[in-house]
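**Student:** So the sequence shown is residues 1 to 315, counted in the UniProt record's numbering.
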Amino acid sequence: MSIATAQTPTRSPRRARRSLKSTDRRAGLGLLAPAGIVILAVTIFPIIYSIVMSFNDITLTTTGFDFKFSGFHNYATVYGAPVFWHSVWFTVYYSIVTVAVELFLGLLIALAIQNVQRLKDLSIVIMLIPWSLITVISAQMWGYIYNGVYGVLNGVFQGLHIIGSPANWLGAPTSAVMAMMVADIWKTTPFVVIILVSGLQMIPHDYYEAARIDGANAWQTFWNVTFPQLRGSIALAGLFRILQAFGVFDLPFVLTHGGPGTSTQSLAILGEETLFQNLHFGIGAAIAVSTVILVLGACLAFLSAFRSMVEEEAA
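1. Return the chain-ordered ranges of every beta strand (DSSP E) run that is complete within the stretch 170–195 and spans a minimum of 3 residues.
2. Go ahead and pull the three-state DSSP assignment for G151.
3. Distance check for H205 and P190, CA to CA, integer angstroms please.
4. Mapping the DSSP letters down to three states, classify I96 as helix, strand or coil.
5. Measure the C-alpha to C-alpha separation of I109 and H280 and round it to an integer number of angstroms.
6. Between which residues of its own chain and Q265 is the CB-CB distance below 6 Å, once the five residues before and five after are set aside?
7. Would you tell me roughly how many angstroms separate the C-alpha atoms of V248 and D66, rounded to the nearest one?
8. Assuming G271 and A288 make a contact with CB atoms under 8 Å, what is their CB distance in whole Å?
9. Where does the unbroken beta strand (DSSP E) through D57 begin, and where does it stop?
10. Enumerate in chain order the residues of its own chain whose CB-to-CB distance from Q7 is below 8 Å, with the five nearest sequence positions on each side excluded.
11. Whole angstroms are fine: how far does the CA of F302 sit from the CA of S308?
12. Considering Cα atoms alone, identify which of T226, G199, M202, L200 is closest to R212.
13. So, do the stretch 116–123 and the stretch 223–239 have three or more beta carbon pairs nearer to each other than 8 Å?
14. Assign G282 to buried or exposed, taking buried as 16 or more other Cβ atoms, counted over all protein chains shown, within 10 Å of its Cβ.
15. According to DSSP, simplified to helix, strand and coil, what is D66?
16. State the start and end residues of the unbroken alpha helix (DSSP H) segment that holds A245.
17. If distances are taken between C-alpha atoms only, which option among G284, V192, L296, W223 comes closest to Y208?
18. For I145, I'd like the list of residues in its chain whose CB is within less than 7 Å of its CB, leaving aside the five on either flank, ordered along the chain.
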């Protein structure tokens, strides 16, 4: 009499790895779920809700909001208003000038910090001070500097005999725009510097040794070694700064409140006044959605231009 012993089938290594990966994937999704819910609640939902608001005529009632579908009426109202196009022009002009100057100054300062070995850490800490200040506090400080009665800038310029009498820097359209740009460049250039310094530290030192052996001068070394290796960091800094510049709100709100007149009225200022002060919720939402579309277009244009420049140099 023979007894047959049943053997338990063994799982193949490939199937075991697949099962392990599936378990890890479920565990990872479970850990990411709380963050995903928060992102949906504070980011995705407001965006979708703003888009819905932009297609409705909204009135405030005693029981809440009354939505009445109006199609593209709000967008037609926005795009037919000259003040909107003035805000678009100012926001685009302001963003292009400030981002270009910040990238240029940030690159110069980053190169200087990279070449100062002993004081590099101290230099980085000093550069972080303007960036670490809250924008409202920074704007208040610049408001005191630009003040037409007791401002520091007037005192310095009069002491140097550059101007004969105190000037109201925030009282004229041209000087107000320039003053706001200077304040923004002062605060946000350190952000660009930190990104570019990090990029410079990632460039292998062997590249510079090879350039030195080949007899390259400082400019040739920068153009053929440093700049190509730093393009990714420049693109990253430029992308972040475009996103921030197109959404500028707190600096003009504190310094000029969009004035004098509408000379420093950004799209964010216009949206805030329309939505929260005038209570035109549908029109304000249309301005916000249009701003998002404009920002995305500007970022795509910047990345496309940067990619084209890289491809031309590679060819």
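Heads up, the beta-carbon is just placed ideally off N, CA and C, and yes, glycines get one too.
Quick caveat: nothing in here was measured; it's all calculated off a predicted structure.
**Tutor:** Inspection of the coordinates gives the following:
1. none
2. Numbered from its first residue, the sequence shown carries residue 151 at position 151. Residue state, collapsed to three classes: coil.
3. To locate residue 190, count along the sequence shown from 1; it is residue 190. To locate residue 205, count along the sequence shown from 1; it is residue 205. Distance between the alpha carbons of P190 and H205 is about 24 Å.
4. Here residue 96 refers to the residue found at position 96 when the sequence shown is read from its first residue. Helix, per DSSP.
5. Along the sequence shown, one-based indexing puts residue 109 at 109. Along the sequence shown, one-based indexing puts residue 280 at 280. When rounded, the distance between both Cα atoms is 45 Å.
6. As a position in the sequence shown, residue 265 is number 265, starting the count at 1. The answer, listed in chain order, is S87, G258.
7. Looking up residue 248 in the sequence shown gives position 248. Looking up residue 66 in the sequence shown gives position 66. Roughly 31 Å between the two C-alpha positions.
8. Residue mapping note: residue 271 aligns to position 271 of the sequence shown, counting from 1. Residue mapping note: residue 288 aligns to position 288 of the sequence shown, counting from 1. Indeed they touch by this definition, with Cβ atoms about 5 Å apart.
9. Reading the sequence shown from its first residue, position 57 is the one you call residue 57. Taken as a continuous stretch (DSSP letters only), the beta strand (DSSP E) holding D57 covers 56–61.
10. What you label residue 7 is simply residue 7 of the sequence shown in a count that begins at 1. Note on Q7: pLDDT 49, under 50, position unreliable in the model; the coordinate value appears next. No residues qualify anywhere along the chain.
11. Numbered from 1 along the sequence shown, position 308 holds the residue referred to as residue 308. Numbered from 1 along the sequence shown, position 302 holds the residue referred to as residue 302. Approximately 10 Å between the Cα atoms of the pair.
12. Translated into positions along the sequence shown, residue 212 becomes position 212. The residue with the shortest Cα to Cα distance from R212 is T226.
13. no
14. Locating residue 282 in the sequence shown gives position 282, where the first residue counts as 1. Under this definition G282 is a buried residue.
15. To locate residue 66, count along the sequence shown from 1; it is residue 66. If DSSP states are grouped into helix, strand and coil, D66 belongs with the strands.
16. By 1-based counting over the sequence shown, the position of residue 245 is 245. It spans 227–246 - the alpha helix (DSSP H) in which A245 sits, taken as one unbroken run.
17. Here residue 208 corresponds to residue number 208 of the sequence shown, with the count starting at 1. Answer by Cα proximity: W223.
18. As a position in the sequence shown, residue 145 is number 145, starting the count at 1. So the list reads G151, V152, L153, once near-sequence residues are dropped.
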